[in-house]
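Take a look at the structure set out below.
Protein chains: 2
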Amino acid sequence: MRKVTARQLDIYNYVKEFILTRKYPPTIREIGDEFGIRSTNGVRDALNALERKGLIKKLSNQARGISLPPSAFPSSENIVALPIIGRIAAGTPILAEENIEDTITMDMSMLPRSSDIFALRVQGDSMNGDGILNGDIAIIRIQKNAERGQIVAAIVDGTATLKHYHPATNKIELRASNPKYLPITISEGENFYIAGILAGVIRKC
Amino acid sequence: MRKVTARQLDIYNYVKEFILTRKYPPTIREIGDEFGIRSTNGVRDALNALERKGLIKKLSNQARGISLPPSAFPSSENIVALPIIGRIAAGTPILAEENIEDTITMDMSMLPRSSDIFALRVQGDSMNGDGILNGDIAIIRIQKNAERGQIVAAIVDGTATLKHYHPATNKIELRASNPKYLPITISEGENFYIAGILAGVIRKC
DNA sequence: AAAAACTCTGCCCTTTTGTTCAGTTTTTTA
DNA sequence: TAAAAAACTGAACAAAAGGGCAGAGTTTTT
Numbered sequence: 003m004r005k006v007t008a009r010q011l012d013i014y015n016y017v018k019e020f021i022l023t024r025k026y027p028p029t030i031r032e033i034g035d036e037f038g039i040r041s042t043n044g045v046r047d048a049l050n051a052l053e054r055k056g057l058i059k060k061l062s063n064q065a066r067g068i069s070l071p072p073s074a075f076p077s078s079e080n081i082v083a084l085p086i087i088g089r090i091a092a093g094t095p096i097l098a099e100e101n102i103e104d105t106i107t108m109d110m111s112m113l114p115r116s117s118d119i120f121a122l123r124v125q126g127d128s129m130n131g132d133g134i135l136n137g138d139i140a141i142i143r144i145q146k147n148a149e150r151g152q153i154v155a156a157i158v159d160g161t162a163t164l165k166h167y168h169p170a171t172n173k174i175e176l177r178a179s180n181p182k183y184l185p186i187t188i189s190e191g192e193n194f195y196i197a198g199i200l201a202g203v204i205r206k207c
Numbered sequence: 003m004r005k006v007t008a009r010q011l012d013i014y015n016y017v018k019e020f021i022l023t024r025k026y027p028p029t030i031r032e033i034g035d036e037f038g039i040r041s042t043n044g045v046r047d048a049l050n051a052l053e054r055k056g057l058i059k060k061l062s063n064q065a066r067g068i069s070l071p072p073s074a075f076p077s078s079e080n081i082v083a084l085p086i087i088g089r090i091a092a093g094t095p096i097l098a099e100e101n102i103e104d105t106i107t108m109d110m111s112m113l114p115r116s117s118d119i120f121a122l123r124v125q126g127d128s129m130n131g132d133g134i135l136n137g138d139i140a141i142i143r144i145q146k147n148a149e150r151g152q153i154v155a156a157i158v159d160g161t162a163t164l165k166h167y168h169p170a171t172n173k174i175e176l177r178a179s180n181p182k183y184l185p186i187t188i189s190e191g192e193n194f195y196i197a198g199i200l201a202g203v204i205r206k207c
């Protein structure tokens, strides 16, 4: 196996930069234009060499059919853009585009493994007792059920609220941790469901 | 401007996932195959709607000519690995290698602009009153001075502690926010300095 | 010195892919 | 309830893009 030549490396770097910045690969002719190679076959030769040497992979008969190995991409592997949910529009799934107010990028290393996660901006001081302050960002792992006492993100009448979950027969109590606030009681048939449980808190001071 | 329909959102999510995982956009026909749309024009209508509503941009007459706004991509651009400081060895600067216990990667978007930042693992419940719990990670912006009442990371005898800063003549008081704890009083000449002030809190539940 | 790989040109062909036109049916909205 | 938008079908077309062939000069290897 021969070494990668300077010319090949130039072309590789161009392709890599192109993909990284534009999010799609160049065509053979676009590469040719960049390097003043008039024949598509000139570029093909270079790409074939790069493929033989393991730097790229060609996808046959596909427009813009060049792919880079995963190692070429900055390890945004476990970086995720979490949607921050604002008001939940009636009848829409939580993660529907129109409910997303903003996004926060963070590293999954501090999150549960599951990908079903979103964030809520905390409003009010009802959960002060648990160290959750007004303006904090609450990270929520989506799940339908919760255990007694867990902190859940509950959707009541289209508004998300963070409370302790206390089910009882025929009703559910949502308790604040700030004694200033009375529990919210949900009777059967009311417009209520659990969006998920608290998985983390982030505060900017 | 009408809302994004469920169908459009499905298609958008497919396109986004496709681009994020494969690093190139799908063709109109690939989208059609996925959703059982037999006419390329059916897909075109959907893409045109998504473009009108600002979710995507179409690149005319280009193979795989769909692009997403930058916000759709998790940017590893401003991801930093913050050092988590443990015990501070005598005579060493805070960020000296031997003081670093671990690192936590996170997005700078929730941090102050400065690059002089580190993290502390909170021990004890002395700052409960400010919603800072045992085990939380405190993000500290390095600076030597603080204003009265600010929460500072103070180094007392080589140990970092998080407290409210209350200077007075000839002494400094470090106050907890949990009334259970008495203030720490630092007289002049004692081994003490301010490492920085609190810039954020992160909690894994 | 010969073989192999590299770096192209030029031309042509095929496949892939985007675009346009002319409709239909259903849902949403003013 | 009429109009607009959504969500398609189907066919034809045009442009974009990949592939192949023949060849040639240059540089590396063996």
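Heads up: the sequence lines are chains P and G, in that order.
Start counting the first sequence at 3; every next residue gets the next number (the working numbering).
Start counting the second sequence at 3; every next residue gets the next number (the working numbering).
Yeah, the Cβ is synthetic: ideal placement off N, Cα and C, and Gly gets one too.
Closer than 8 angstroms to the CB of K173(P) there is not a single CB belonging to chain G. Taken atom to atom, the span from the alpha-carbon of G67(P) to that of L61(P) is near 5 angstroms. Chain P has no Cβ within less than 8 angstroms of the Cβ of G137(G). Of all residues in the segment 21-38 of chain P, the ones placed with a Cβ closer than 8 angstroms to any Cβ belonging to chain G are I21, R24, K25, Y26, P27, T29, in chain order.
Shortest Cα-Cα distance from R143(G) to any of R24(G), S189(G), G198(G), D127(G) involves G198(G). Shortest Cα-Cα distance from S73(G) to any of K59(G), A170(G), A121(G), A83(G) involves K59(G).
Of the candidates I139(G), Y183(G), A178(G), F194(G), F194(G) places its Cα closest to the Cα of D159(G). In the structure shown, E32(G) falls within a helical segment according to DSSP collapsed to helix, strand and coil.
With a cutoff of 8 angstroms on beta-carbon distance, A48(G) and R9(G) are scored as near each other. For L135(G) and L70(G), the gap between their C-alpha atoms comes out near 40 angstroms.
Contact note: L176(G) does not reach chain P at a C-beta cutoff of 9 angstroms; the least C-beta distance is about 17 angstroms. For D118(P), the number of other beta carbons within 10 angstroms of its own is below 16, and it is reported as exposed. Shortest Cα-Cα distance from H168(P) to any of G126(P), T161(P), I186(P) involves I186(P). Among the CB atoms of chain G, none fall inside 8 angstroms of the CB of L11(P). F120(P) sits close to L84(P), with the two beta carbons spaced by under 8 angstroms. For the segment 182-193 of chain G, there are no residues whose beta carbon sits under 8 angstroms from a beta carbon of chain P. Under the 8 angstroms criterion on CB atoms, A83(P) is classed as interfacial with respect to chain G. Every beta strand (DSSP E) stretch that sits fully inside the segment 115-164 of chain G and reaches 3 residues is listed by chain position as 119-123, 139-144, 153-158.
For the segment 59-73 of chain G, the set of positions with a beta-carbon nearer than 9 angstroms to some beta-carbon of chain P reads L61, Q64, A65, R66, G67, I68, S69, L70, S73 in chain order. Nearest Cα to L184(P) within the set A140(P), E175(P), G88(P): E175(P). Listed in chain order, the positions of the segment 193-206 of chain P with a beta carbon within less than 7 angstroms of a beta carbon of chain G are L200, A201, G202, V203, I204, R205, K206. Nearest neighbour of V82(G) by Cα position, chosen from E32(G), I141(G), K5(G), turns out to be I141(G).
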